[in-house]
Structures are given as C-alpha cells and as structure tokens.
Amino acid sequence: VDSNGNEYYLNAERVLIDLEIENKNILKLEGVISIINFKNRGIAYIYANNAVYNENNHDTAFYNKVKMEYLNHKIFSDNLDLLFSENVSLIYNEVRYESNNSKLDTDKISIDMKNGDIKLQMENENKKVKLVTKYESIN
Numbered sequence: 001v002d003s004n005g006n007e008y009y010l011n012a013e014r015v016l017i018d019l020e021i022e023n024k025n026i027l028k029l030e031g032v033i034s035i036i037n038f039k040n041r042g043i044a045y046i047y048a049n050n051a052v053y054n055e056n057n058h059d060t061a062f063y064n065k066v067k068m069e070y071l072n073h074k075i076f077s078d079n080l081d082l083l084f085s086e087n088v089s090l091i092y093n094e095v096r097y098e099s100n101n102s103k104l105d106t107d108k109i110s111i112d113m114k115n116g117d118i119k120l121q122m123e124n125e126n127k128k129v130k131l132v133t134k135y136e137s138i139n
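Shown next as structure tokens:
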C-alpha cells in the first residue's frame with residue numbers, strides 16, 4: 001500500500017536475481033501479472049513477458065508485450081514504467097489504446113498516480129496523436 005492508499009500486487013512465473021550487480025534489491029521477472037487497486041478509482045491489471053522490480057521503492061519497469069486493462073480501457077505497448085517513487089506511470093514505445101468507442105496511437109502516455117491526470121505525447125513534434133472513434137477520425 002502506498003502513501004495514497006493504493007494497493008499493489010505483483011506476481012511472476014519466474015524471478016531472477018543477478019548476484020553480480022551491486023543492488024541485490026533489483027529482481028528480474030518473467031511471466032508477470034500485476035494488480036493495482038487504486039483507492040476509490042477501480043482496479044488496473046498489467047501483463048508483461050518481463051519486468052524489473054525494485055524491492056526498495058516498488059518501482060517496476062514492465063517490458064516485452066505489455067498490456068494494461070483498466071475498466072473498459074486497454075493499453076498495449078512495449079514498455080510501462082510504474083514509478084511509485086515519483087507517483088507517475090510512463091507508457092511508451094508502440095503505444096496503442098483501445099476502448100469500446102475509440103482507438104488511439106501515440107508515442108507516450110504519462111499518468112499522474114495521485115490525481116489520474118493523463119498526458120499524451122509524440123516524440124517527433126511533426127507527428128500528431130491519432131484518435132479514431134466510432135463517430136469520426138480526429139488527427
């Protein structure tokens with residue numbers, strides 16, 4: 001449980017500890033499932049082939065076929081960093097968002113874990129976030 005009252009669960013099929021690195025609190029995970037119970041805002045599920053978990057601050061870097069489900073929303077990406085130490089989630093590299101009514105492609109999504117604010121970003125300023133709804137296409 002973090003200072004905001006959110007609960008965080010993490011499960012992996014396999015845990016690897018690299019005995020040659022200085023920080024022994026860094027764990028490499030395979031076959032990862034994570035559950036975040038946001039206080040008063042619902043539950044998010046994160047699935048990934050791999051992750052790196054910091055036992056000290058619970059920061060977790062998910063990578064390799066990442067999928068996040070929250071209510072009726074799904075986000076797919078190559079990377080998702082849960083940075084509890086900074087109260088932010090960063091979703092990046094091949095980001096695709098889907099809901100019942102829309103689809104969105106962007107380079108990066110930042111989520112403020114305190115208030116839920118979401119910021120969409122493109123790495124190339126000449127490119128735009130692409131949003132397609134059942135009603136119309138917006139660029």
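Numbering (the numbering used here), first residue to last: 1 to 139. Even for Gly, the Cβ is constructed at its ideal location relative to N, Cα and C.
Taking Cβ to Cβ, would you say residue i is nearer than 8 Å to residue j?
i	j	result
Lys119	Ser110	yes
Val52	Ile75	no
Glu123	Asp112	no
Leu29	Ala12	yes
Lys127	Asn4	no
Asn93	Ser77	yes
Ile33	Lys24	no
Asn79	Phe62	yes
Gly116	Leu71	no
Gly31	Asn49	yes
Checking the sheet assignment: what are the DSSP bridge partners for residue i?
i	result
Asp112	Val88
Glu7	Asn37
His144	Outside the displayed range of the chain (1 to 139) lies residue 144, so it cannot be described from this structure.
Lys24	In DSSP, Lys24 forms no bridge with anything.
Glu125	The partner list for Glu125 (beta bridge, DSSP) is empty, contrary to what the question assumes.
Asp81	Ala61, Leu90
Ser102	Thr133
Glu13	Bridge partners of Glu13: none, in fact.
With burial defined as no fewer than 16 other Cβ atoms inside 10 Å of the residue's Cβ, what is the status of residue i: buried or exposed?
i	result
Tyr9	exposed
Leu82	buried
Thr133	exposed
Val66	buried
Val15	exposed
Ile46	buried
Ile35	exposed
Ser85	exposed
Ile91	buried
Val95	buried
Can residue i be considered in contact with the ligand SAH, in the sense that its beta carbon sits closer than 7 Å to one or more heavy atoms?
i	result
Glu98	Looking at this structure, you won't find the ligand SAH or any other ligand, since it has none at all.
Going straight from the alpha carbon of residue i to that of residue j, what length do you get?
i	j	result
Asp59	Asn100	30 Å
Met68	Leu19	31 Å
Glu98	His73	6 Å
Asp2	Ser89	14 Å
Lys39	Asn87	14 Å
Asn56	Ile21	15 Å
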